[in-house]
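Remarks on the structure that follows.
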């Protein structure tokens, strides 16, 4: 194959199912996606995708090619730096969902800084753009869809309905925690249980903590946050709560950047311990 970069286009179509969505994922246009995939098809001499209605469905070979592209991307992403260098004082800017940060994401940051003394960290809870170079790494609950991004699901957060320990047996209302733009199943579950709209809607878990202790309310929080606070307990509410996925992303142009890769490896380890 003359151009291995063409495999990225096959992977994007495999993931998205449409030329339009694949183009958005890659920051390209539909014509480019179609041309690149057609080039791979001609080189291999077999059909990779078959259109069924509005969706492009991969053939067996198409699936194999997409998985090869994913494996190649993972290998490049996780390869050890092997002597890669970076400037003293290099800054990595991290945009992170506030709830993930408040569940202990940076508990092991002192060790990372000790082992990488030439790196500086700036972590904010604002959703900053990777494409516009406002941030180097983004961590959140929604899978990124736009632009030429490297994106990977790091893990997930188990969720639980909780309340203040001293209000466990006299709950009267609930609080909506906004984890993403899309309403979670957890929120609808609490609304069904209490039969009313939430009294309060907020994002920060630390603020929520104080409100729960002062009101007879329940909320859905990450299990990791509940474990960090002895004055909170599981609420006596029967809910089936789906875990929230945790996604990390950075711009494709930073794929082999040693600073971004070191920070990504640190974050992956931190997520596993949360």
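Residue numbers (our numbering): 2 to 275. Ideal Cβ placement from N, Cα and C applies to all residues, glycine included.
- Straight-line measurement puts the Cα of residue 176 at about 44 Å from the Cα of residue 53.
- Per DSSP, reduced to three states, the secondary structure at residue 116 is helical.
- Per DSSP, the beta-bridge partners of residue 201 are 176.
- A Cβ-Cβ distance of about 24 Å is found for the pair residue 165 and residue 108, leaving them out of contact under the 8 Å criterion.
- A check of alpha carbon separations from residue 154 across 226, 106, 247, 56 identifies 247 as the nearest.
- Beta-bridge pairing by DSSP links residue 52 to 57.
- Nearest to residue 65 by alpha-carbon distance, out of 47, 95, 56, is 47.
- Between residue 229 and residue 159, the C-beta spacing is not below 8 Å.
- Assigned with DSSP and collapsed to three states, residue 156 falls in strand.
- With respect to the C-alpha of residue 132, the residue from 251, 271, 11 having the closest C-alpha is 251.
- For residue 260, the three-state secondary structure derived from DSSP is helix.
- When the Cα atoms are used, residue 217 and residue 99 turn out to be separated by approximately 24 Å.
- Leaving aside the five residues that flank residue 234 on each side, the residues in its chain whose CB is nearer than 7 Å to its CB run, in chain order, 163, 164, 166, 169.
- Sequence-distant partners of residue 181 (beyond 5 residues in either direction) whose C-beta falls short of 6 Å from its own C-beta, in its chain, are 142, 143.
- The beta carbons of residue 30 and residue 103 sit no closer together than 8 Å.
- DSSP places residue 219 in the uninterrupted beta strand (DSSP E) bounded by 218 to 223.
- By the 16-neighbour rule on beta-carbons within 10 angstroms, residue 137 is buried.
- Residue 25 sits buried, since 16 or more C-beta atoms from the chains shown fall within 10 Å of its C-beta.
- For residue 34, the uninterrupted alpha helix (DSSP H) run begins and ends at 31 to 45, by DSSP.
- Its Cα nearest to that of residue 126, the residue 139 stands out among 255, 139, 253.
- Judged by DSSP secondary structure, residue 16 falls within the alpha helix (DSSP H) whose first and last residues are 7 to 17.
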